[in-house]
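Undergrad:
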Amino acid sequence: MAFLEVNDLVKDFGGVVANNHVSFQIDQGEIIGLIGPNGAGKTTLFNCVVGYHKPDSGKVIFKEKEITGFKPFMTNREGIGRTFQIMKVTAGMTVLENVMVGAFCRTDDRNLAKVEAAAILGFLGLDSLRAYHLNELPIASQKKVGLARALATQPELLMLDEVASGLNPKETEEMVDLLKKIHRDKRITLFLIEHVMEVVMPISQRVIVLDGGEKIAEGLPKEIVKNERVIKAYLGEKYAKSL
Amino acid sequence: MIVLDALLQGILMGLLFALVALGLTIIFGMMDIVNFAHGEFLMIGMYTAYWTSLLLHIDPLITLPASAIVGMVLGLASYYWLVKYLLRGPMIAQLFGTFGLMLFLRYLAQFLFGIDYRIVQKGLLVGKSLTVGPFIFDWTKLSAAILSLIAFLLVYLLLHRTKLGKALRATALNREAANYMGIKTERMNALAWMIGGGTVGIAGGLIVNFWYVYPTVGLLFVMIAFASVAMGGFGSIKGAFFAGILIGMIEMLFPVFGHVIGSDFLGPHFKFTLVYFAYFVIVVFRPQGLFGWKH
Amino acid sequence: METLRDAFDFRDFSKPEKVGFVIFTLFLLVFPWLGAGSFVKAVVIQFLLFSLFGMGWNTIGGYGGQVELGKAQYVGIGAYTVALAMVWWKIPFWVSMPIGVLIALGYSFIIGYPLFRLKGHYFAIATICTSLVLQDIFINWKLVGAAKGIELPIHEHPDFLYMQFKSDTYYFYFIMALFYVAIFYMNWFRKSKLGYQLRMIKEDEEAAESLGIDARWCKIKAYSIASAFVAVGGGFLAVYNLYIDPYSVMDLDLSIKIALMAMLGGAGSMWGPIIGSAFLVPLDRFLGSWLGAHKGLIGVDFMIYSALIMIVSAYQPRGIWGIIEQFRKR
Chain A
1 MAFLEVNDLV KDFGGVVANN HVSFQIDQGE IIGLIGPNGA GKTTLFNCVV GYHKPDSGKV
61 IFKEKEITGF KPFMTNREGI GRTFQIMKVT AGMTVLENVM VGAFCRTDDR NLAKVEAAAI
121 LGFLGLDSLR AYHLNELPIA SQKKVGLARA LATQPELLML DEVASGLNPK ETEEMVDLLK
181 KIHRDKRITL FLIEHVMEVV MPISQRVIVL DGGEKIAEGL PKEIVKNERV IKAYLGEKYA
241 KSL
Chain B
244 MIVLDALLQG ILMGLLFALV ALGLTIIFGM MDIVNFAHGE FLMIGMYTAY WTSLLLHIDP
304 LITLPASAIV GMVLGLASYY WLVKYLLRGP MIAQLFGTFG LMLFLRYLAQ FLFGIDYRIV
364 QKGLLVGKSL TVGPFIFDWT KLSAAILSLI AFLLVYLLLH RTKLGKALRA TALNREAANY
424 MGIKTERMNA LAWMIGGGTV GIAGGLIVNF WYVYPTVGLL FVMIAFASVA MGGFGSIKGA
484 FFAGILIGMI EMLFPVFGHV IGSDFLGPHF KFTLVYFAYF VIVVFRPQGL FGWKH
Chain C
539 METLRDAFDF RDFSKPEKVG FVIFTLFLLV FPWLGAGSFV KAVVIQFLLF SLFGMGWNTI
599 GGYGGQVELG KAQYVGIGAY TVALAMVWWK IPFWVSMPIG VLIALGYSFI IGYPLFRLKG
659 HYFAIATICT SLVLQDIFIN WKLVGAAKGI ELPIHEHPDF LYMQFKSDTY YFYFIMALFY
719 VAIFYMNWFR KSKLGYQLRM IKEDEEAAES LGIDARWCKI KAYSIASAFV AVGGGFLAVY
779 NLYIDPYSVM DLDLSIKIAL MAMLGGAGSM WGPIIGSAFL VPLDRFLGSW LGAHKGLIGV
839 DFMIYSALIM IVSAYQPRGI WGIIEQFRKR
């Protein structure tokens, strides 16, 4: 039985079909990459799963429970955590407090939440940032805090929206290592949305490709890079330009 | 017949409500700011018309340019001295900022003119009425409604037919893109406040012909304007027009309805309560406005 | 137990805050014996009352970041419940006040449920509308005295059950007790799960939802807590003034003042509402009585007051507490 199952999902924004009958499955413990050019419908698909959009038709099933149309806080309580591509950078709460809010999802006890949050910050190597506010941090650290916050809710599936955007190659490498660590030590299934193929290829065990709202390919990374349709739809624009 | 009469009277009143709501919706569409002082702009427009006509011994209807100019200056001054700074802060600061402006203008008026209720007593049209078949229209209301319609059309044309209007609407749609195309967005903001102030000033000059003016008169009208803008969809000009008329009709029909069924709880006291209630229901169940237009 | 410990635990405050708090408490305790005139006493009582209102508002408005401008309706519910219960059935204050709070709680859930579908300006204006509708109903409702309001029967002898005293001192200690209950509550609240969740909602509602927080439900809860606070103050107002009408306890101006004091002092901080009230209430009263005595200067007090509002909104939206913190950071 699949861990996460998306069945025949359709999302239509007033005539613009963002997702057209998309289906796929994820098994527990996998690292899956979802790629596609700009406007392929990746973010919409993502939002339909975590509950920011309600799909027009189709089903989302998580751990054998249908969660189609659940609100974001409900999907989170089911065990799906997420990060944001662009975080709102605010000055109202410290890093520790941010992560504590995540931990409060599973406990009512403040001290427990604090211990939990501190542990996660330690796990991600963010101990030194505890007292800072988000607006005082560089982008790479902000993204890690977003990751820590989501991890604090103890998800079984972590959905990552463009974790590498805005990062330089070195920071990207660090982030990839961190994701591997999360996957290895916490045994959390990862689902990455990436625009940049170079990020997703080295860590994904399987890749799903969207284009024009439809799933055009699915398979091992090394198969995907050779897939004609993918090259045409995705890499095509890039190569066409360079030629 | 009584219903038809109420409907027609309601349309006349509604045209004025629409003009009041126009400035509010333009400013909101431009920069997502709700101007709480809008009703006080109206009150100042009313006082301007009242005093110029009284002191210069001219008909209150001719004082409209004065009201318009005072309204525009007020709008500009508010923008450059207050709103510009408020825009940098959080929404709560914006709300309180314009709220402070509202209180300031209200008590300034009270300080200058006292709390007396004043009304224009002399004038070409005051007290005269037009009889069309069974219907009797006050000339003051009729002319105010017509002039309000004209003002509304002029602003509509300004926004939709001129280059300036296009720049204004472009800024409202996408501030950054407008900025890249060389539109001075700050100036567009100021312009929105100027048009907003000017139109509501005119509305004040028209309303004072048949309505008492006193320092707190603005609250009632601004709540009606909020309701109109909410019904029409925040930022929509067409929406504000039709919603204003609709509210005018509700306001006139409601007492008639109450009278017919003989209920005290539907008495004239509650006609504005209904407007507030309508606002609440509409924004809760149809946040995009009654007509669903988006700006 | 944990809750109680949190409420009385002020250890995480800085030293100047702790010292200030102790001095302030001592001052309040001896205040009635300092020989202040009845006007000054009334001002201090009003300061405590508005601090109570402000702390209530601070839960939803400050920590939750929702621009709530309809608190006056809950002052009205609290005040009318106490007044009507006393006039109609001679129910003592100590029974009617909790009933008023319960009614306010129930009403706030009913109103809050549709209200918190809204956000931003829509929400702010809608809160005003709900308050105006209730005020209009009371203005026209003959059974509850309509626009004339209600006078509470004055007892010949001081009566603790009905909270009627000859001397302001008793009222002072009573509102002071409520004020401290509110402080301890807020001290717990800011450290509670709900407090953290509300702050997250204020920071970034989308992110808060992704962390398993039911934002709408959290806001409704905070709104109801705020309403309960305010209804307690409303009940006090009824026995203190012995007269209420829809204009004095349900006016839009009252809603604004409540929110404004909290914001001016510093919304979302522990001391903000108290500082704001300590600043604005005396200003309001002294300016009012001083300028009111001069004919022709009516309204100038409000002009100064509103100019202050504009300046603070434009330059330091985080209020007086924001300014203090800015200086402390240097």
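Quick note, the sequences are listed as chains A, B and C, same order. Numbered per this note's numbering, the first sequence finishes at 243, counting up by one with no gaps. Numbered per this note's numbering, the second sequence finishes at 538, counting up by one with no gaps. Numbered per this note's numbering, the third sequence finishes at 868, counting up by one with no gaps. Beta carbons: idealized from backbone N, C-alpha and C, even for Gly.
1. Is the CB of Asp-783 (chain C) under 7 Å away from at least one CB in chain B?
2. When we look at the beta-carbon of Thr-541 (chain C) and count the other beta-carbons within 10 Å, is it buried (16 or more) or exposed?
3. For Gly-592 (chain C), which option in C:Phe-865, C:Met-808, C:Gly-616 and C:Arg-866 has the closest C-alpha, if you only look at C-alpha atoms?
4. May I ask you to report which of helix, strand or coil DSSP gives Ser-23 (chain A)?
5. Just to confirm my understanding: we take Tyr-645 (chain C), look at its own chain, exclude 5 residues before and 5 after, and list those with CB closer than 7 Å. What are they?
6. Please confirm if Gly-614 (chain C) has its CB atom under 7 Å from at least one CB of chain B.
7. Comparing C-alpha positions only, which one of B:Asn-432, B:Leu-258 and B:Phe-515 sits nearest to Asn-678 (chain C)?
8. Could you tell me the distance, in whole angstroms, from the CA atom of Ala-621 (chain C) to the CA atom of Leu-640 (chain C)?
9. Using the Cβ count rule (16 or more neighbours within 10 Å means buried), how would you classify Arg-229 (chain A)?
10. Taking all protein chains shown into account, decide if Phe-528 (chain B) is buried (16 or more other Cβ within 10 angstroms of its Cβ) or exposed.
11. List the residues that DSSP assigns as beta-bridge partners of Thr-94 (chain A).
12. Thinking C-beta only, is Leu-566 (chain C) closer than 7 Å to Met-714 (chain C)?
13. Evaluate His-281 (chain B) with the Cβ neighbour count: other Cβ atoms within 10 Å of its Cβ, from every protein chain shown; 16 or more gives buried, anything less gives exposed.
14. Excluding the 5 residues preceding and the 5 following Ala-662 (chain C) in the sequence, name in chain order all residues of the same chain whose CB lies nearer than 8 Å to its CB.
15. Suppose only complete runs of 4+ residues qualify. What are the alpha helix (DSSP H) ranges in the stretch 794-865 of chain C, listed by chain order?
16. Terminal residues of the continuous alpha helix (DSSP H) containing Lys-215 (chain A)?
17. Of the choices C:Ser-576, C:Ala-617, C:Glu-555 and C:Gly-602, whose alpha-carbon is the least far from that of Val-768 (chain C)?
18. Assign Trp-324 (chain B) to buried or exposed, taking buried as 16 or more other Cβ atoms, counted over all protein chains shown, within 10 Å of its Cβ.
19. Counting only Cβ pairs nearer than 9 Å, list the residues of chain C close to Asn-76 (chain A).
20. DSSP has Asp-248 (chain A) in a bridge; who is on the other side?
21. What residues match up with Gly-81 (chain A) in a beta bridge as DSSP calls it?
22. Grouping DSSP H, G and I as helix and E and B as strand, with all else coil, what is Leu-124 (chain A)?
23. Would you mind reading off the limits of the beta strand (DSSP E) that contains Phe-378 (chain B)?
24. Does the CB of Met-93 (chain A) have a neighbour CB from chain C at under 7 Å?
25. Taking 7 Å as the CB-CB cut-off, is Ile-335 (chain B) touching chain C?
26. I'd like to check one pair, Val-313 (chain B) with Thr-341 (chain B): are the Cβ atoms closer than 7 Å?
27. In terms of DSSP beta bridges, what is Lys-59 (chain A) paired with?
28. Roughly how many angstroms lie between the CA atoms of Leu-496 (chain B) and Lys-384 (chain B), to the nearest whole one?
29. What's the gap between the Cα of Ser-576 (chain C) and the Cα of Phe-354 (chain B)?
30. When DSSP labels each residue in this structure, what does Thr-541 (chain C) get in the three-state scheme?
31. Compute the Euclidean distance between the alpha carbons of Gly-41 (chain A) and Gly-166 (chain A), then round it to the nearest angstrom.
32. Buried or exposed, going by whether 16 or more other CB atoms sit within 10 Å of the CB of Met-788 (chain C)?
33. Please report the straight-line C-alpha distance between Ser-242 (chain A) and Ile-231 (chain A), rounded to a whole angstrom.
34. Would you please verify whether the beta carbon of Trp-536 (chain B) is less than 7 Å from any beta carbon of chain C?
35. Classify Leu-192 (chain A) as helix, strand or coil using the three-state DSSP reduction.
36. In this structure, what does DSSP give as the bridge partners for Phe-13 (chain A)?
TA: To lay it out plainly:
1. Working through the third sequence from its first residue, we reach residue 783 (chain C) at position 245. Asp-783 (chain C) is outside the set of residues whose beta carbon lies under 7 Å from a beta carbon in chain B.
2. For the purposes of this step, residue 541 (chain C) is taken as residue 3 along the third sequence, with counting starting at 1. Thr-541 (chain C) comes out exposed.
3. As a working mapping, residue 592 (chain C) is identified with position 54 in the third sequence. Gly-592 (chain C) has its Cα closest to that of C:Met-808, out of C:Phe-865, C:Met-808, C:Gly-616 and C:Arg-866.
4. In the first sequence, residue 23 (chain A) corresponds to position 23, counting from 1. Correct three-state label for Ser-23 (chain A): strand.
5. As a position in the third sequence, residue 645 (chain C) is number 107, starting the count at 1. Excluding positions up to five away in sequence, the list reads Ile-615.
6. As a first step, residue 614 (chain C) is located in the third sequence; it is residue number 76 there, counting from the start. Not one chain B Cβ lies under 7 Å of Gly-614 (chain C).
7. Mapped onto the third sequence, residue 678 (chain C) falls at position 140. Of the candidates B:Asn-432, B:Leu-258 and B:Phe-515, the one whose C-alpha sits nearest the C-alpha of Asn-678 (chain C) is B:Phe-515.
8. For the purposes of this step, residue 621 (chain C) is taken as the residue at position 83 of the third sequence. For the purposes of this step, residue 640 (chain C) is taken as the residue at position 102 of the third sequence. When the Cα atoms are used, Ala-621 (chain C) and Leu-640 (chain C) turn out to be separated by approximately 15 Å.
9. Taking the first sequence and counting its residues from 1, one reaches residue 229 (chain A) at position 229. With fewer than 16 other beta carbons inside 10 angstroms of its own, Arg-229 (chain A) counts as exposed.
10. In the second sequence, residue 528 (chain B) corresponds to position 285, counting from 1. Here Phe-528 (chain B) is exposed, its C-beta having fewer than 16 other C-beta atoms within 10 Å.
11. Sequence index remark: in the first sequence, residue 94 (chain A) carries index 94 (1-based). Beta-bridge annotation (DSSP): Thr-94 (chain A) is paired with A:His-133.
12. Locating residue 714 (chain C) in the third sequence gives position 176, counting from the first residue. Locating residue 566 (chain C) in the third sequence gives position 28, counting from the first residue. Taking 7 Å as the cut-off, the Cβ atoms of Met-714 (chain C) and Leu-566 (chain C) count as close.
13. Locating residue 281 (chain B) in the second sequence gives position 38, counting from the first residue. That one is buried.
14. Stepping through the third sequence from its first residue, residue 662 (chain C) is reached at position 124. Hits under 8 Å: Val-605, Glu-606 and Leu-607.
15. Runs found: 810-830 and 838-853.
16. Here residue 215 (chain A) refers to the residue found at position 215 when the first sequence is read from its first residue. No alpha helix (DSSP H) holds Lys-215 (chain A); the beta strand (DSSP E) holding it covers 214-219.
17. By 1-based counting over the third sequence, the position of residue 768 (chain C) is 230. Taking the Cα of Val-768 (chain C) as reference, the smallest distance to any Cα among C:Ser-576, C:Ala-617, C:Glu-555 and C:Gly-602 is reached at C:Ala-617.
18. Indexing the second sequence from 1 puts residue 324 (chain B) at position 81. It is exposed - the Cβ of Trp-324 (chain B) has fewer than 16 other Cβ atoms within 10 Å.
19. As a first step, residue 76 (chain A) must be located in the first sequence, where it is residue number 76. Contact note: Asn-76 (chain A) reaches chain C through Glu-747, Ser-748, Leu-749, Gly-750 and Ile-751, using a C-beta cutoff of 9 Å and chain order.
20. Nothing about residue 248 (chain A) can be reported from this structure: the residues present for chain A run from 1 to 243 only.
21. The residue you call residue 81 (chain A) lines up with position 81 of the first sequence. Paired residues: A:Leu-158.
22. Here residue 124 (chain A) refers to the residue found at position 124 of the first sequence. Here Leu-124 (chain A) sits in coil by DSSP.
23. Against the second sequence, residue 378 (chain B) aligns to sequence position 135. If you look at Phe-378 (chain B), you'll find it in the beta strand (DSSP E) that goes 378-381.
24. Taking the first sequence and counting its residues from 1, the one referred to as residue 93 (chain A) is at position 93. Chain C contact via Cβ: present.
25. Taking the first residue of the second sequence as 1, we reach residue 335 (chain B) at position 92. Judged by the 7 Å Cβ criterion, Ile-335 (chain B) is in contact with chain C.
26. In the second sequence, the residue the question calls residue 341 (chain B) occupies position 98. In the second sequence, the residue the question calls residue 313 (chain B) occupies position 70. Between Thr-341 (chain B) and Val-313 (chain B), the gap from beta carbon to beta carbon reaches 7 Å or more.
27. Start at 1 with the first residue of the first sequence, and residue 59 (chain A) comes out as number 59. Lys-59 (chain A) pairs with A:Asn-7.
28. For the purposes of this step, residue 496 (chain B) is taken as the residue at position 253 of the second sequence. For the purposes of this step, residue 384 (chain B) is taken as the residue at position 141 of the second sequence. Their backbone Cα atoms lie some 17 Å apart in a straight line.
29. Counting from one through the third sequence, the residue named residue 576 (chain C) turns up at place 38. Counting from one through the second sequence, the residue named residue 354 (chain B) turns up at place 111. Taken atom to atom, the span from the alpha-carbon of Ser-576 (chain C) to that of Phe-354 (chain B) is near 29 Å.
30. Translated into positions along the third sequence, residue 541 (chain C) becomes position 3. Here DSSP, grouped into helix, strand and coil, assigns Thr-541 (chain C) to helix.
31. Sequence index remark: in the first sequence, residue 41 (chain A) carries index 41 (1-based). Sequence index remark: in the first sequence, residue 166 (chain A) carries index 166 (1-based). Each residue's Cα considered, the two are about 20 Å apart.
32. To locate residue 788 (chain C), count along the third sequence from 1; it is residue 250. Buried, by the Cβ-count rule.
33. Here residue 242 (chain A) refers to the residue found at position 242 of the first sequence. Here residue 231 (chain A) refers to the residue found at position 231 of the first sequence. With a pLDDT of 49 at Ser-242 (chain A), under the threshold of 50, the predicted position of this residue should be treated as unreliable, though the coordinate-derived value follows. The alpha-carbon of Ser-242 (chain A) is positioned some 14 Å away from that of Ile-231 (chain A).
34. Within the second sequence, the letter at position 293 stands for residue 536 (chain B). With a pLDDT of 48 at Trp-536 (chain B), under the threshold of 50, the modelled position of this residue cannot be trusted; read the value that follows with caution. It does not; no Cβ of chain C falls within 7 Å.
35. Taking the first residue of the first sequence as position 1, residue 192 (chain A) is located at position 192. Leu-192 (chain A): strand per DSSP, three-state reduction.
36. Counting from 1 along the first sequence, the entry for residue 13 (chain A) is found at position 13. For Phe-13 (chain A), the beta-bridge partners assigned by DSSP are A:Val-16.
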